[in-house]
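Residue numbers (my numbering), protein chains in the order written: chain A, 269 to 564; chain B, 309 to 765.
Pasting the structure below:
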């Protein structure tokens, strides 16, 4: 029967093979291995395991241990962070995008690039730069504030989370703005013309045309920001050096990292990584579902 | 809706591509964990014979000491058949150990690595260290200081060669102590009185600062008081972090912090500490012998600083304690453990090698029984012409709690002690309570690692 038909069916797989191979090797395999490891524990004989070490299936033991008080607290901390930081950043990004797309904007290209620029600074470098503005004795902001009689401590236990939020907002606002700008530019000119003919003012154009039409971009930017927030790692890890309030389980990813690479406890680290992924899935789909229902 | 349709319009289901993207993003954290197989049996490898007379080898040595290659080059010039190449790694707990663990788990790794005393058992647990007794380590034990040698012996084996140690002394600004009419403290009680006198003398000054997120000094003081947190008995670990010695040290620092006797705003040897020390707002530091180089960095400090023996816990415990200290350990990844052992023995006992390590790497206290280092036998200009190494640290090196044993889960307990100080300084939780909680969690940490442990009753 049609050898040609079979060849046609084979072709996409042959063409996709390089991608699929790398995808399986660098993505599917490690994830499968992490999930497998999250169910494995090690038993040791002797004081240092010198008399032998055996791996065994541990059921949900690693998950029970993964949900330590510190890890649960870190999830709570990061959810609080998300509830505050993500809306602030999305509102800011939307406002900047609308301003740059408005007819009255001067040098929109220049400002678009300027706002986007922080995203080009690697997170680690950004955190080090901001640290210099936070550390008392080095920070000109703290100096000026104390000269004015205001005592600020950006690194205290109750403020350091918001100091991190500030770095994240600074880095990603411009990026989210670009997503929204792209969507705004896709709105056909005739929609604006029709609105003008109907006598709509600038504000009415924003609320009745632009905001409803960029809704998908806003939803997507929010979901990506949520995912990014739940995986917060580099900023708190770097800030540990200057802020003692950041412990080894400050964010969920930091906790998993500590378990894996400081404690060599890959079972618990894998369990925590799996839990982070599950929470991220759940929250992302919940958010998408909510926004979808509202719209329909 | 077709997957991949451009974003447009209001209410709609998210596309398959979006769902995939979210899935990919969310799974990224799983990639972190999926790198390393867990649990390998420790080294029970057969002895590897030395190389033949016509063969030659190049050994790799991972360490965070700067200038170590200069020391190796002295050896390399004399031993053309056994060349040693160093590679710099970040300091142990700030990334060096992670790198080592990862390399070893992946089947690679160096011949020799720098590992601190307190981390040695954790590497034994991972099966990463060669028992050097198989290569003649017991025969060279008499060339080393006996107190430090006791820290590398486990299970009748020798799992690292001591490279340096950190006997503790009391560094102080003589002028600041004189201002309150004080001599260097002989006991911690006298230390508290001086701290109080300095607070009363000047509201901006403190005698010392306590680290807010580092557990090692506290543990060192407990060691000095005679604590014995970990005791191997048969195949079981006995844990005892709430003995009298530990609780009295915890109570002492609870009181010192509550009474505002110690500066808690910055850590010792941080930039803020140097600024305070230069101004005389910090008058002293209870620190290890290797802190001399650091303190010499205090601006305009020359001739003002002196060193006295560490203050003691009265009739309890020991004259000094250890703070820090490293070994040169031979890894199971090495194909030439005999040559590696010969090299590290030379490095840690040959007077020329020790002098070179002091000059190029600034190592801590020499572990050799016979040689503290030529430059360390001279009086110091910075420390007011004092021969502090001979006067203070040489005796301190032998006044040690040799019953102290580091356990294979020390990094966890260390983090718990650090958290205890964080909780004390940020929320006022008494150290005595946190340490009691840390004891329970430490027993659990042993069990989580698959080992037997219980609280010593």
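Quick reminder that beta carbons are idealized off the backbone N, C-alpha and C, glycines included.
Mind checking who residue i pairs with in its DSSP beta bridge?
{"i": "residue 547 (chain B)", "result": "B:538 and B:763"}
{"i": "residue 517 (chain B)", "result": "B:571"}
{"i": "residue 430 (chain A)", "result": "Bridge partners of residue 430 (chain A): none, in fact."}
{"i": "residue 396 (chain B)", "result": "B:371"}
{"i": "residue 420 (chain B)", "result": "B:369 and B:638"}
{"i": "residue 593 (chain B)", "result": "B:479"}
{"i": "residue 390 (chain B)", "result": "B:365"}
{"i": "residue 469 (chain B)", "result": "B:636"}
{"i": "residue 333 (chain A)", "result": "None; residue 333 (chain A) has no bridge partner."}
{"i": "residue 616 (chain B)", "result": "B:478"}
Determine the chain B residues that contact residue i at a beta-carbon separation under 7 Å, and present them in chain order.
{"i": "residue 425 (chain A)", "result": "734"}
Give the single residue among the options whose Cα lies nearest to the Cα of residue i.
{"i": "residue 715 (chain B)", "options": "B:427, B:360 and B:405", "result": "B:427"}
{"i": "residue 494 (chain A)", "options": "A:539, A:456, A:544 and A:458", "result": "A:544"}
{"i": "residue 494 (chain B)", "options": "B:478, B:748, B:682 and B:507", "result": "B:478"}
{"i": "residue 504 (chain A)", "options": "A:392, A:381 and A:296", "result": "A:392"}
{"i": "residue 516 (chain A)", "options": "A:339, A:372, A:417 and A:533", "result": "A:339"}
{"i": "residue 441 (chain A)", "options": "A:385, A:554 and A:281", "result": "A:385"}
{"i": "residue 678 (chain B)", "options": "B:547, B:449 and B:389", "result": "B:449"}
{"i": "residue 764 (chain B)", "options": "B:417, B:747, B:755 and B:757", "result": "B:747"}
{"i": "residue 510 (chain B)", "options": "B:535, B:696, B:587 and B:463", "result": "B:587"}
{"i": "residue 757 (chain B)", "options": "A:478, A:422 and A:324", "result": "A:324"}
{"i": "residue 363 (chain A)", "options": "A:349, A:383, A:351 and A:347", "result": "A:383"}
{"i": "residue 553 (chain B)", "options": "B:563, B:537 and B:562", "result": "B:537"}
{"i": "residue 691 (chain B)", "options": "B:516, B:718 and B:609", "result": "B:609"}
{"i": "residue 390 (chain B)", "options": "B:560, B:402, B:367 and B:397", "result": "B:367"}
{"i": "residue 541 (chain A)", "options": "A:395, A:524 and A:327", "result": "A:524"}
{"i": "residue 420 (chain B)", "options": "B:401, B:397, B:403 and B:402", "result": "B:397"}
{"i": "residue 501 (chain A)", "options": "A:343, A:355 and A:424", "result": "A:343"}
{"i": "residue 470 (chain B)", "options": "B:688, B:673 and B:700", "result": "B:673"}
{"i": "residue 379 (chain A)", "options": "A:452, A:561, A:348 and A:445", "result": "A:445"}
{"i": "residue 403 (chain B)", "options": "B:422, B:600 and B:416", "result": "B:422"}
{"i": "residue 560 (chain A)", "options": "A:527, A:526, A:483 and A:547", "result": "A:483"}
{"i": "residue 356 (chain B)", "options": "B:719, B:593 and B:644", "result": "B:644"}
{"i": "residue 722 (chain B)", "options": "B:480, B:385 and B:401", "result": "B:401"}
{"i": "residue 427 (chain A)", "options": "B:760, B:700, B:592 and B:734", "result": "B:734"}
Contact defined as beta carbons within less than 8 Å: I believe residue i pairs with residue j. What is the distance between those atoms, to the nearest angstrom?
{"i": "residue 300 (chain A)", "j": "residue 536 (chain A)", "result": "Contact doesn't hold; Cβ gap of about 18 Å is too wide."}
{"i": "residue 399 (chain A)", "j": "residue 507 (chain A)", "result": "6 Å"}
{"i": "residue 532 (chain A)", "j": "residue 409 (chain B)", "result": "6 Å"}
{"i": "residue 541 (chain B)", "j": "residue 625 (chain B)", "result": "Between residue 625 (chain B) and residue 541 (chain B) the Cβ distance is about 22 Å, and since that is not below 8 Å, they are no contact."}
{"i": "residue 472 (chain B)", "j": "residue 633 (chain B)", "result": "6 Å"}
{"i": "residue 346 (chain A)", "j": "residue 481 (chain A)", "result": "Wrong, their Cβ atoms sit about 32 Å apart, outside the cutoff."}
{"i": "residue 534 (chain A)", "j": "residue 443 (chain A)", "result": "Incorrect: roughly 33 Å between the Cβ atoms, too far for contact."}
{"i": "residue 702 (chain B)", "j": "residue 680 (chain B)", "result": "6 Å"}
{"i": "residue 598 (chain B)", "j": "residue 590 (chain B)", "result": "That belief does not hold up - the Cβ atoms of residue 598 (chain B) and residue 590 (chain B) are roughly 19 Å apart, past 8 Å."}
{"i": "residue 713 (chain B)", "j": "residue 547 (chain B)", "result": "Contact doesn't hold; Cβ gap of about 11 Å is too wide."}
{"i": "residue 406 (chain B)", "j": "residue 395 (chain A)", "result": "That pair is no contact at about 19 Å."}
Starting from the beta carbon of residue i, find every residue of chain B whose beta carbon is closer than 8 Å, and list them in chain order.
{"i": "residue 518 (chain A)", "result": "Near residue 518 (chain A) there are no residues of chain B at all, since even the closest Cβ is about 11 Å away, more than 8 Å."}
{"i": "residue 333 (chain A)", "result": "756"}
{"i": "residue 413 (chain A)", "result": "In chain order: nothing, as chain B lies at least about 16 Å away."}
{"i": "residue 287 (chain A)", "result": "What residue 287 (chain A) touches in chain B: nothing, since even the nearest Cβ is about 13 Å away."}
In chain A, what lies closer than 9 Å to residue i by C-beta?
{"i": "residue 762 (chain B)", "result": "Neighbours of residue 762 (chain B) on chain A: none; closest Cβ ~13 Å, over 9 Å."}
{"i": "residue 463 (chain B)", "result": "314, 315, 316 and 318"}
What does residue i reach in chain A if we use C-beta pairs closer than 7 Å?
{"i": "residue 432 (chain B)", "result": "316"}
{"i": "residue 723 (chain B)", "result": "516"}
Whose Cβ in chain B lies nearer than 9 Å to the Cβ of residue i?
{"i": "residue 466 (chain A)", "result": "Result: empty, since nearest Cβ-Cβ is about 20 Å, beyond 9 Å."}
Output, in chain order, the set of chain A residues within a Cβ distance shorter than 8 Å of residue i.
{"i": "residue 645 (chain B)", "result": "Result: empty, since nearest Cβ-Cβ is about 17 Å, beyond 8 Å."}
{"i": "residue 540 (chain B)", "result": "315"}
At a cut-off of 8 Å, is residue i close to the ligand SAM when judged by its beta-carbon and the heavy atoms of the ligand?
{"i": "residue 479 (chain A)", "result": "Of the ligands one can find in the structure shown there are none, so the ligand SAM has no counterpart to examine."}
Check: Per the contact definition of three or more C-beta pairs closer than 8 Å, is the segment 374-389 of chain B in contact with the segment 660-668 of chain B?
Finding: Pairwise C-beta distances place the segment 660-668 of chain B in contact with the segment 374-389 of chain B, as three or more of them are shorter than 8 Å.
Checklist line | Given 8 Å, three or more beta-carbon pairs between the segment 424-435 of chain A and the segment 453-461 of chain A | finding: Verdict: no, contact absent.
Checklist line | Cβ contact check for the segment 429-445 of chain B and the segment 635-655 of chain B: 3 or more pairs under 8 Å | finding: At 8 Å Cβ cutoff, the stretches touch.
Notebook entry, point to check: For the 8 Å Cβ check, are there 3 or more pairs between the segment 567-574 of chain B and the segment 472-487 of chain B?
Noted result: Because the criterion of three Cβ pairs below 8 Å is not met, the segment 567-574 of chain B and the segment 472-487 of chain B do not touch.
Next item on the list: Please confirm if the segment 516-528 of chain B is in contact with the segment 627-643 of chain B, defined as three or more CB-CB distances below 8 Å between the two stretches.
Entry: Below 8 Å, enough C-beta pairs join the segment 516-528 of chain B and the segment 627-643 of chain B to call them touching: three or more.
Next item on the list: Spell out a yes or no on whether the segment 399-417 of chain A and the segment 458-477 of chain A are touching, meaning 3 or more CB-CB pairs, one atom from each, closer than 8 Å.
Entry: These segments do not touch.
Item checked: Three or more C-beta pairs below 8 Å linking the segment 461-477 of chain B and the segment 421-436 of chain B -> For the pair of segments examined, the segment 461-477 of chain B was found to touch the segment 421-436 of chain B: the number of CB pairs separated by less than 8 Å reaches three.
Notebook entry, point to check: Can at least three beta-carbon pairs, one atom from the segment 636-650 of chain B and one from the segment 404-418 of chain B, be found at a separation below 8 Å?
Noted result: Short answer: they touch.
Checklist line | At least 3 beta-carbon pairs within less than 8 Å: the segment 554-561 of chain A vs the segment 478-497 of chain A | finding: Flag = yes, the segment 554-561 of chain A and the segment 478-497 of chain A touch.
Checklist line | Stretch pair the segment 731-743 of chain B + the segment 554-561 of chain B: three plus CB contacts closer than 8 Å | finding: Because the criterion of three Cβ pairs below 8 Å is met, the segment 731-743 of chain B and the segment 554-561 of chain B touch.
Notebook entry, point to check: Does the segment 720-736 of chain B come within contact of the segment 507-521 of chain B, defined as at least 3 CB pairs closer than 8 Å?
Noted result: Output reads yes: the segment 507-521 of chain B touches the segment 720-736 of chain B.
Item checked: Touching by the beta-carbon criterion (3+ pairs, under 8 Å), the segment 612-620 of chain B and the segment 685-703 of chain B -> The segment 612-620 of chain B, when compared against the segment 685-703 of chain B, does touch it at the 8 Å Cβ threshold.
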